[in-house]
Ligand SMILES: NC(=O)c1ccc[n+]([C@@H]2O[C@H](COP(=O)([O-])OP(=O)(O)OC[C@H]3O[C@@H](n4cnc5c(N)ncnc54)[C@H](OP(=O)(O)O)[C@@H]3O)[C@@H](O)[C@H]2O)c1
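Set out below in structure tokens:
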């Protein structure tokens, strides 16, 4: 992303961890956090993607090639001596008609979008509590955490779960000064949505429902992440910031 407009000391001395950082939204968030001065631990399955990401800010980006659904990853988070910001971003979607949903896809999506997000947030919180850090946790939800849509029963179910997790964490952790918020983007052009947008009928379906008249870009989400990660949002917790061009306002 174009990081020239970002205030270079906004997150100076902060340590952030971003899951699913190799591509798409997570990659843009990592670049933005580093441009704002944070040291960022970028987590992804693909070492090649992590290597190319690190080139943008070698001094500020550490890379972990880890599977966020694996116990080894959770142990590694808990071993951190400092963590101020979690961008709990890794997620997947395989749209299928409700009656055709494949059991393996159902399990994989629950595992990554819900269970891994829960356990990642849990381990990050343990570090913040142990080290007395008033951190900011940002769970990557979706507009599909607020509404329904065809062929998205599993995805909507998982993102509604993320919205509930965010609210309950926010209430429980507020006495410790830990803020927990969600970001709920509309359709954003990323490798995940690329195959969807290759279908002209689907592209029109999406465009017809975004009042601002454009598909989201990863930079739109990264800007929201910077806001919620920084002290500029110090009175905001338990919220879901919709970056949806008006989709859910209708
Ligand atoms: N794009 C959208 O329109 C949109 C809209 C609303 C919300 N979101 C949410 O935003 C988040 C990111 O979406 P995206 O579109 O940027 O997705 P993406 O382009 O598919 O990127 C996801 C990244 O997560 C990584 N990843 C997947 N499984 C992993 C695992 N088990 N362990 C570690 N890393 C893993 C992927 O690595 P590999 O490439 O190596 O598999 C990839 O780099 C998701 O939670 C998604 O639900 C997206």
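Residue numbers (the numbering used here): 903 to 1152.
Beta carbons: idealized from backbone N, C-alpha and C, even for Gly.
Per-residue DSSP class, three states only, for residue i
i	result
residue 1118	strand
residue 1049	coil
residue 851	Outside the displayed range of the chain (903 to 1152) lies residue 851, so it cannot be described from this structure.
residue 1007	helix
residue 1028	helix
residue 1016	helix
residue 908	coil
residue 885	This structure cannot settle anything about residue 885, because the visible part of the chain is limited to 903 through 1152.
residue 1022	helix
residue 988	strand
residue 913	coil
residue 1151	helix
residue 923	coil
Residue i - containing alpha helix (DSSP H), residue span
i	result
residue 1082	Counting along the chain, residue 1082 falls outside any alpha helix (DSSP H), though it belongs to the beta strand (DSSP E) covering 1081–1087.
residue 978	973–980
residue 846	Not covered by the structure: residue 846. The range shown for the chain is 903 to 1152.
residue 1056	1055–1075
residue 955	949–956
residue 1153	Here the chain covers residues 903 to 1152 and nothing more, so residue 1153 does not appear.
residue 932	926–937
residue 994	Counting along the chain, residue 994 falls outside any alpha helix (DSSP H), and DSSP gives it neither H nor E.
residue 960	Looking at the DSSP string, residue 960 is not in any alpha helix (DSSP H), and its letter there is neither H nor E.
residue 1097	1096–1099
Buried or exposed by the 16-neighbour rule on C-beta atoms within 10 Å, applied to residue i
i	result
residue 1090	buried
residue 909	exposed
residue 1137	exposed
residue 990	buried
residue 965	buried
residue 941	buried
residue 1087	buried
residue 1152	exposed
residue 1000	exposed
residue 1153	What is shown of the chain runs 903 to 1152, which leaves residue 1153 out entirely.
residue 1034	exposed
residue 1073	exposed
residue 954	exposed
residue 1009	exposed
residue 1096	exposed
residue 1083	buried
residue 972	exposed
N- and C-terminal bounds of the beta strand (DSSP E) containing residue i
i	result
residue 1144	1142–1145
residue 1137	Careful: residue 1137 lies outside any beta strand (DSSP E) and carries neither H nor E.
residue 970	Per DSSP, residue 970 belongs to no beta strand (DSSP E) and is neither H nor E.
residue 1040	1038–1042
Assess contact between the segment 999–1013 and the segment 1034–1050, defined as three or more Cβ pairs (one per stretch) separated by less than 8 angstroms. Is contact present? no
So, does the segment 1009–1028 touch the segment 1054–1070, judging by three or more C-beta pairs under 8 angstroms? The segment 1009–1028 vs the segment 1054–1070: in contact.
Does the segment 1100–1114 come into contact with the segment 943–956, if we say contact requires no fewer than three beta-carbon pairs (one atom in each stretch) closer than 8 angstroms? no
Do the segment 1119–1133 and the segment 1094–1105 touch if we need at least three Cβ pairs shorter than 8 angstroms? no
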